[in-house]
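Here the structure is laid out as structure tokens; the discussion comes afterwards.
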Amino acid sequence: MDNNLIFGIRPVAEAIEAGRRIEKLYIRKGAEGQLMSELRDLCFRHRIRVQEVPVEKLNRLTRGNHQGVVAQTAAIEYVEPADILERVPEDETPLIVVFDGVTDVRNFGAIARSAECAG
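In my numbering, the protein residues as written are 282 to 400.
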């Protein structure tokens, strides 16, 4: 989970502005200040729900200097099929493989190898 954590006011704000998908955003209860106010406004504009938590919660999430802010980013970035198709050159026929309910990693590997062989 640590790979999905961003902490500190400016790093979190930059991640939001860069379009990173934020799953959860924790802000220390009672946190104030100009930068914190700007971060809250940014979250409001990007429709990111903010959860106020005690500082102990933030300290459990990371040992770094969190400045009262910890964001958990999405482990997987999702895209729409139309966005994928836009990137396919006109002279190529796309192959899109959709997984649903795959729970066995061997099945995932077999499907991925088959897709690779199919082009």
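C-beta: ideal position from N, C-alpha, C; glycine also.
Since this is a predicted model, take the numbers as computed values, not measurements.
Tell me residue i's beta-bridge partners as DSSP assigns them.
i: residue 333; result: 308
i: residue 303; result: 354
In angstroms, rounded to a whole number, what distance separates the CA positions of residue i and residue j?
i: residue 295; j: residue 345; result: 17 Å
i: residue 313; j: residue 284; result: 27 Å
i: residue 286; j: residue 339; result: 11 Å
i: residue 297; j: residue 290; result: 11 Å
i: residue 337; j: residue 347; result: 11 Å
i: residue 367; j: residue 373; result: 12 Å
i: residue 316; j: residue 341; result: 23 Å
i: residue 390; j: residue 380; result: 12 Å
i: residue 365; j: residue 324; result: 28 Å
Which of the three DSSP states is assigned to residue i in this structure?
i: residue 286; result: strand
i: residue 293; result: helix
i: residue 352; result: strand
i: residue 392; result: helix
i: residue 364; result: helix
i: residue 386; result: helix
i: residue 344; result: coil
i: residue 313; result: coil
Assuming residue i contacts residue j under a Cβ cut-off of 8 Å, what Cβ separation, rounded to an integer in Å, is found between them?
i: residue 293; j: residue 309; result: Contact doesn't hold; Cβ gap of about 12 Å is too wide.
i: residue 369; j: residue 396; result: About 15 Å separates the two Cβ atoms, so there is no contact after all.
i: residue 399; j: residue 376; result: 6 Å
i: residue 320; j: residue 360; result: That pair is no contact at about 27 Å.
(request) May I ask you to verify whether the segment 320-334 touches the segment 374-387, counting CB pairs closer than 8 Å and requiring at least 3? (result) Verdict: no, contact absent.
(message) Taking 8 Å as the cut-off, does the segment 344-364 touch the segment 298-306 (at least 3 CB pairs, one atom from each stretch)?
(response) The segment 298-306, when compared against the segment 344-364, does touch it at the 8 Å Cβ threshold.
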